[in-house]
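K.L.:
Start counting at 1 in the first sequence, then tack on 14, and there's your number in the working numbering.
Before we start, here is the structure in question, set down as structure tokens.
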Amino acid sequence: MNKYITTPIYYVNGEAHIGHAYTTFIADTMARYERLKGNDTYFLTGTDEHGQKIEESAQKNGKPIQEFADEISATFKNLWDEFEISYDKFIRTTDADHKLGVQKAFEVMYAKGDIYKDFYEGHYCVSCETFFPETQLIDGEFCPDCGRTTSIVKEESYFFKLSKYEDRLLKHYEENPDFILPRSRANEVINFVKGGLRDLSVTRTSFTWGVDMPESLNDDKHVMYVWLDALMNYVTALGYGKDDANMNYWPASTHLIGKDILRFHAIYWPAFLMSLDMPLPEHIGVHGWWTRDGEKMSKSKGNVISPKEVADAYGVENLRYFMLREVPFGQDGDFSQRAFIDRINSELSNDLGNLLNRIIGMSGKYSEFIIDSVNVEKYHSKELNSMNEALGNLDGFMKNMQTHRYLEELWKLFSIGNKAIEEYAPWAKMKEDKKDEALATVALVANILAKASIMLSPVMPKTTATIADALNFKINNDSYNELIIDKKLLKLFTIKKVPPLFPRVEEPLMVEAPIAESNPPKVEKQKELKQDNSKETDNLIEIGQFFETSLKIGTVLESEEVPKSKKLLKLQVDVGDETPRQVVAGIKEFYSAESLVGTQVCVVANLKPAKLMGMISEGMLLAAKDEDGLCLVRPEKPKKAGTPIG
RNA sequence: GUCAGGGUAGCUCAGCUGGUUAGAGCACUGGUCUCAUAAGCCGGGGGUCGGGGGUUCAAGUCCCCCCUCUGACACCA
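This is the structure we're talking about:
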């Protein structure tokens, strides 16, 4: 059977973070699991390199775009190589073959009438060079960004008839309840589709760093929109549009993605495939995000975890185990060294590693390290049964990507082993001259470890290979068939002594990033500033530019909640003009309407008016927001309304 | 605000179509073996299953209302 597992292609806008590693670990585990079962498996990962953002980032770094993309792409590839990720192909959207495939797809959809050239018609603000939907316009006419008059302008664009596939998509979700996993994500998608789909603009004329249009269309003003380009990677990697060399792997078994790109994979991608008359992937697996010690990770907070740093400190395999064991698939997970260390010590060191040592010790003392399964069934049918029961449950968990349940279930084996040793106490049996029984128990545990290692190997390939080596067998499809499917026992062998697999971790191996306590310590502030400074140095402005912003002290005269709004307060603010200014501010979650009346705030006074919930906002309040909430910036002492700030 | 999904032991969670004294792991604690990485094993404490009504012989499990959390969308200037 063919299996095809993919990760998203990672955007080359920054280096790999823990989330990238997580996705890749899950995918790698699934791919290894399928191979173990003897399925012909293709595992794809790679990088997404087109689009305006990349163009801009390269410019900022003063590098040719391709060179910039090459560099970042290489950091991903190198990291995965270092982590021994078992990908079959690392695709880059700048690969020539990929571009060919995208163009081919475009031609097919175009020929079919699913892509048509039209005009992106909308209210266009010339000075902002942007289109705005009517709902955002102020008084149906003015630009929400600059307040100038907009005009109805048509810009040429190619569109994909997404709307045409609405019904077919809904039908597919309904008929394939496990198309999107976990279920809760499917509901989100269904709701969104039911809300109606608009045709998708699939080309851009505003930048050039993208896949060119197919020659047959003879239209080089446009380049492909990045998502059409990016999503196609899943088939161009198999040779679509070129030689179809590996198209026998299509459709994909699982596209693994993070929750941020759900819509593209669950709506656009299936629609594209329908248009190309190609089968849809079996599953879209949607995982959550990682927090750190309960808090969101962010660059400004300085608490971002580098996967390499963690792997260097704790070992890649331990990290893989932790990430897959700690969090229920689909949910957000929390990374803390404490939780990590607990799992290493209690599950890896105590339950597993120590168990291996126990039988090495006993076999050495009782039988010169020789392990013989001959009497296992005679004395331990009870243990064998419960072991087989747990082993039988594993496949279902993996199919649903419930890696945490999978590992939890697998760990029952070690418990069975530890309990058996205790219950049958081979040392006592030896004294009672029941060597057969003593050795049977040791052999039972050896078999438990062997079988568990096979099933653990997709998660921890190297460590389990070491265990297998100690137990004189190799983990592969053959041993899987023999020991797991046919439930056979290990043949007579001599166990090899190995050093402890999982040394206990007594204290954190990484320096903790400063974490905000109840009162944010100064350290964090400093760090934040430092980061910002270093970031801002290439982005300095002239003082004149600063003074283009008119900041004034304002006194809040009136304040009321905007009905039906979660975030907005409508304020009347005196900024020294004859009439008060109406300012709509998104601070309702942090300030009650009454508490603001009579207080002073800092107002950006020459901001172009904007329309929020249909109300004009003629200014903006200065406020600072971080993970702990938002606070307004206010004058230290009362000042007359309208006092300029500078 | 609309929609979706939650709120079960200190923590992380399991409890399918309602049915005996509500479970697991971790943490805490008492005991105990010695093959082992001060690991293992046995036992214990601890829950008004968010709140309030209702249906039923019987509800964590079904219905209604409320509180609260998370996510998506609609307004974060």
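Where a beta carbon is used, it is the ideal one built from N, C-alpha and C, also for glycine.
A quick note: this is a predicted structure, and the numbers were derived from the prediction, not measured.
(1) Please name the residue in N317, E296, F354 and P295 whose C-alpha comes closest to that of T305.
(2) With a threshold of 16 other CB atoms inside 10 Å of the CB of Q351, please say whether the residue is buried or exposed.
(3) Could you tell me the alpha carbon to alpha carbon distance between A439 and H269, rounded to whole angstroms?
(4) Just to check my reading of the structure: F671 and E188 have Cβ atoms closer than 8 Å, yes? What is that Cβ distance to the nearest angstrom?
(5) I need the straight-line Cα distance from D109 to M238, nearest angstrom please.
(6) In whole angstroms, what separates the C-alpha of S387 from that of T508?
(7) Using a Cβ-Cβ cut-off of 6 Å (strictly less than) and excluding sequence neighbours within five positions of K510, which residues of its own chain qualify?
(8) Note the first and the last residue of the continuous alpha helix (DSSP H) segment covering W441.
(9) Provide the residue(s) that pair with E436 in DSSP beta bridges, ordered along the chain.
(10) What does DSSP give as the partner residue(s) for D13 in the beta ladder?
(11) Skipping 5 residues on each side, what residues in its chain have a beta carbon closer than 6 Å to that of T250?
(12) Tell me the start and end of each unbroken alpha helix (DSSP H) in the stretch 45 to 126 that is at least 4 residues and wholly inside, in chain order.
(13) Between T417, F97, T59 and F82, which lies nearest to I68 when the distance is taken from Cα to Cα?
(14) Out of S320, E323, K396 and D346, which one is the CA nearest neighbour of V300?
(15) On a Cα-Cα basis, can you pick out the residue from N371, I373 and S320 that is closest to F349?
(16) Less than 9 Å between the beta carbons of Y335 and L370, yes or no?
(17) Quick check on this structure: which residue in R419, E397 and V597 has the alpha carbon closest to the alpha carbon of L463?
(18) Specify the secondary structure class of L646 as computed by DSSP and reduced to three states.
(19) Less than 9 Å between the C-beta atoms of S171 and T222, yes or no?
(20) Considering only residues of the same chain and omitting the five flanking positions on each side of N486, which have a CB-CB separation below 6 Å?
(21) Within the continuous alpha helix (DSSP H) that includes P522, where are the two ends?
(22) Taking the beta carbon of E63 as the centre, do at least 16 other beta carbons fall within 10 Å, making it buried, or is it exposed?
(23) Just the C-alpha distance for G302 and D257, rounded to the nearest angstrom, thanks.
(24) Only counting the same chain, and skipping five residues up and downstream in sequence, which positions put a Cβ closer than 8 Å to that of V390?
(25) According to DSSP, is K651 helix, strand or coil?
(26) Among M376, M415, A88 and L582, whose alpha-carbon lies nearest the alpha-carbon of I435?
(27) Can H297 and M474 be called in contact, C-beta distance under 9 Å?
(28) Considering only C-alpha positions, which residue in the set L427, E437, M227 and E575 is nearest to L610?
(29) Once DSSP output is grouped into helix, strand and coil, what is the label at F343?
(30) Return the chain-ordered list of same chain residues with a C-beta closer than 7 Å to the C-beta of D102, the five sequence neighbours on each side being excluded.
(31) Under 9 Å between the Cβ atoms of K433 and A404?
(32) Compute the Euclidean distance between the alpha carbons of Q586 and P623, then round it to the nearest angstrom.
(33) Are the Cβ atoms of P514 and G367 separated by less than 9 Å?
(34) Quick one: grab the DSSP three-state call for G660.
(35) Alpha carbon to alpha carbon, what distance is there between G253 and G60?
(36) Rounded to the nearest angstrom, how far is the Cβ of S267 from that of Y18, given a contact under 8 Å?
P.N.:
Here's the rundown:
(1) The residue labelled residue 305 in the question sits at position 291 within the first sequence. That would be N317, whose Cα lies nearest to the Cα of T305.
(2) One-based indexing of the first sequence puts residue 351 at position 337. Answer is buried; the Cβ neighbour count reaches 16.
(3) Taking the first sequence and counting its residues from 1, one reaches residue 439 at position 425. Taking the first sequence and counting its residues from 1, one reaches residue 269 at position 255. Looking at the two C-alpha atoms, the distance is approximately 48 Å.
(4) The shown model of the chain, from 15 to 660, leaves out residue 671, and the question about it has no answer.
(5) Residue numbering aside, residue 109 sits at position 95 when the first sequence is read from its first letter. Residue numbering aside, residue 238 sits at position 224 when the first sequence is read from its first letter. Each residue's alpha carbon lies about 15 Å from the other.
(6) If you number the first sequence from 1, residue 387 lands on position 373. If you number the first sequence from 1, residue 508 lands on position 494. Distance between the alpha carbons of S387 and T508: 12 Å.
(7) For the purposes of this step, residue 510 is taken as residue 496 along the first sequence, with counting starting at 1. Result list for K510: A484, in chain order.
(8) Numbered from its first residue, the first sequence carries residue 441 at position 427. Looking at the DSSP string, the run of the alpha helix (DSSP H) that includes W441 is P440 to K445.
(9) Taking the first sequence and counting its residues from 1, one reaches residue 436 at position 422. The partner list for E436 (beta bridge, DSSP) is empty, contrary to what the question assumes.
(10) Residue coverage of the chain in this structure runs from 15 to 660, which leaves residue 13 outside it and unanswerable.
(11) Sequence index remark: in the first sequence, residue 250 carries index 236 (1-based). Within the same chain, T250 has close Cβ partners H112 and G115.
(12) Restricted to the stretch 45 to 126, the alpha helix (DSSP H) segments that are unbroken, complete and at least 4 residues in length are 66 to 74, 79 to 96 and 110 to 126, listed in chain order.
(13) The count along the first sequence starts at 1 and reaches residue 68 at position 54. That would be F82, whose Cα lies nearest to the Cα of I68.
(14) Taking the first sequence and counting its residues from 1, the one referred to as residue 300 is at position 286. That would be D346, whose Cα lies nearest to the Cα of V300.
(15) Stepping through the first sequence from its first residue, residue 349 is reached at position 335. Minimum Cα-Cα distance from F349 among the listed residues N371, I373 and S320 corresponds to S320.
(16) For this step, residue 335 is matched to residue 321 along the first sequence. For this step, residue 370 is matched to residue 356 along the first sequence. No, they are not a contact pair.
(17) Position 449 of the first sequence, counting from 1, holds the residue named residue 463. Closest option to L463, Cα to Cα, is E397.
(18) Against the first sequence, residue 646 aligns to sequence position 632. Reduced to three states, the DSSP call for L646 is strand.
(19) Walking along the first sequence from the start, residue 171 turns up at place 157. Walking along the first sequence from the start, residue 222 turns up at place 208. The answer is no: Cβ separation not under 9 Å.
(20) Taking the first residue of the first sequence as 1, we reach residue 486 at position 472. Result list for N486: F507, in chain order.
(21) Along the first sequence, one-based indexing puts residue 522 at 508. Per DSSP, P522 belongs to no alpha helix (DSSP H) and is neither H nor E.
(22) Translated into positions along the first sequence, residue 63 becomes position 49. E63 should be labelled buried.
(23) For the purposes of this step, residue 302 is taken as the residue at position 288 of the first sequence. For the purposes of this step, residue 257 is taken as the residue at position 243 of the first sequence. Cα to Cα, the separation comes out at about 36 Å.
(24) One-based indexing of the first sequence puts residue 390 at position 376. Excluding sequence neighbours, V390 sits near L398, A454, A457, L458, N461 and L503.
(25) Against the first sequence, residue 651 aligns to sequence position 637. DSSP places K651 in coil when its eight states are reduced to three.
(26) For the purposes of this step, residue 435 is taken as the residue at position 421 of the first sequence. The option with the nearest alpha carbon to I435 is M376.
(27) The sequence position of residue 297 within the first sequence is 283, counting from 1. The sequence position of residue 474 within the first sequence is 460, counting from 1. No, they are not a contact pair.
(28) Mapped onto the first sequence, residue 610 falls at position 596. The option with the nearest alpha carbon to L610 is E575.
(29) In the first sequence, residue 343 corresponds to position 329, counting from 1. Judged by DSSP in its simplified three-state form, F343 adopts coil rather than helix or strand.
(30) Translated into the one-based positions of the first sequence, residue 102 becomes position 88. For D102, where only same-chain residues beyond five positions count, the Cβ hits under 7 Å are Y56, F57 and L58.
(31) Here residue 433 corresponds to residue number 419 of the first sequence, with the count starting at 1. Here residue 404 corresponds to residue number 390 of the first sequence, with the count starting at 1. Not closer than 9 Å, so no.
(32) Residue 586 sits at position 572 when you count from the first residue of the first sequence. Residue 623 sits at position 609 when you count from the first residue of the first sequence. Distance from the CA atom of Q586 to the CA atom of P623, rounded to whole angstroms, is 14 Å.
(33) Residue 514 sits at position 500 when you count from the first residue of the first sequence. Residue 367 sits at position 353 when you count from the first residue of the first sequence. Yes, the pair counts as a contact, with Cβ atoms nearer than the cut-off.
(34) Counted from its first residue, the first sequence places residue 660 at position 646. Here G660 sits in coil by DSSP.
(35) If you number the first sequence from 1, residue 60 lands on position 46. If you number the first sequence from 1, residue 253 lands on position 239. Computed Cα separation, rounded: 15 Å.
(36) For the purposes of this step, residue 267 is taken as the residue at position 253 of the first sequence. For the purposes of this step, residue 18 is taken as the residue at position 4 of the first sequence. 5 Å between Cβ atoms; contact.
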